[in-house]
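A.B. asks: Count along the sequence shown starting at 1, add 46, and that's the number in this note's numbering.
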Amino acid sequence: ALTYNDYHVNIIHESEHFFGNAEEGLRKSVGKDDLSDAVEHYGKLRGLPKSPVSILERAYLKRVRNYLDTGKTPIRCQALSASCFVDPWGNVFPCTIYNKQIGSLRDSEYDLTWIWNSPEAEALQKEIWEYQCPQCWTPCEAYQSILGSMFRKDAPTGKKPSASVEDCRSTDRLFNVEQSGIGTESEKQA
């Protein structure tokens with residue numbers, strides 16, 4: 047049987063490049079107090095968290111009212127520090143909400159690292175860190191921001207996290223992940 051913990055509740059967001067609903071004004075049609083009350087009621091129905099995902103969901107839901115009241119992301123956003131959004135055409139954006147294209151995988155020979163480490167991406171990540179983005183509270187960004195806020199209190203340095211093949215192998219060993227056969231021949235031999 048399904049329970050409240052089997053569902054995720056998201057609040058209305060608008061995005062030109064992801065949802066294609068930026069012109070519809072959906073946020074204006076829903077009262078923020080009614081939405082906050084409904085989300086808080088749903089959070090109570092979920093009960094105490096019993097898994098890592100439900101802990102994240104609870105942290106997300108607890109900050110909805112603050113976000114709706116202030117219009118500001120309640121935790122520093124980790125977009126372009128922990129993730130980015132790639133649309134079906136290979137265009138790279140900071141996230142699903144911020145309609146500021148950073149580059150195109152097609153134009154960079156499908157080298158996301160080149161786009162990720164570009165001066166444009168670094169400048170945009172600092173902009174996001176300073177709350178100069180559209181301000182959202184979508185789970186796609188909120189979950190990683192909640193986790194990232196536990197470990198990162200300082201401003202971005204302009205250097206993005208990177209992982210070598212050995213870092214990935216160490217993580218695989220830590221979590222007892224089987225080799226999947228993914229990677230180049232030189233990576234497999236290393």
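We put the CB at the ideal spot given by N, CA and C, even for glycine. It should be emphasised that the depicted structure is a prediction, and the values quoted were computed from it without experimental measurement.
Do N137 and L151 count as a contact pair if the criterion is CB distance below 9 Å?
C.D. replies: For L151 and N137, yes; Cβs fall inside 9 Å.
A.B. asks: Sorted by chain position, which residues of the same chain lie with C-beta nearer than 6 Å to F131's C-beta, five sequence neighbours on each side aside?
C.D. replies: Once the five neighbours on either side are set aside, the close Cβ partners of F131 are F139, C141 and T142.
A.B. asks: Is the number of C-beta pairs between the segment 90-97 and the segment 156-172 that are closer than 8 Å three or more?
C.D. replies: No, the segment 90-97 does not touch the segment 156-172.
A.B. asks: Got a sec? Which residues, its chain only, sit under 7 Å from P185 by beta carbon, not counting five neighbours each side?
C.D. replies: The residues are H54, N56 and Y106.
A.B. asks: Which residues in the same chain have their Cβ closer than 6 Å to the Cβ of E187, if we skip the five residues on either side of it in sequence?
C.D. replies: Counting only Cβ-Cβ distances below 6 Å, and skipping sequence neighbours, we find C123, A125 and C141.
A.B. asks: Just mark E155 as buried or exposed, buried being the case when its beta carbon has 16 or more other beta carbons within 10 Å.
C.D. replies: Counting Cβ neighbours within 10 Å, E155 comes out exposed, since fewer than 16 surround it.
A.B. asks: Does the separation of the CB atoms of Q190 and S129 fall below 9 Å?
C.D. replies: Going by C-beta atoms, Q190 is nearer than 9 Å to S129.
A.B. asks: Rounded to a whole number of angstroms, what is the C-alpha to C-alpha distance between G77 and W183?
C.D. replies: Straight-line Cα distance between these residues: approximately 16 Å.
A.B. asks: Assuming P120 and R109 make a contact with CB atoms under 8 Å, what is their CB distance in whole Å?
C.D. replies: P120 to R109, Cβ: 4 Å. Contact.
A.B. asks: Grab me the residues of Y50's own chain with a C-beta within less than 8 Å of its C-beta, minus the 5 sequence neighbours each way, in chain order.
C.D. replies: If we look at Y50 and ignore the five residues flanking it on each side, its Cβ neighbours are Y88, L91, R92 and G93.
A.B. asks: When the Cα atoms are used, what is the spatial distance from L81 to W175?
C.D. replies: Using only the alpha carbons, I get a separation of about 27 Å.
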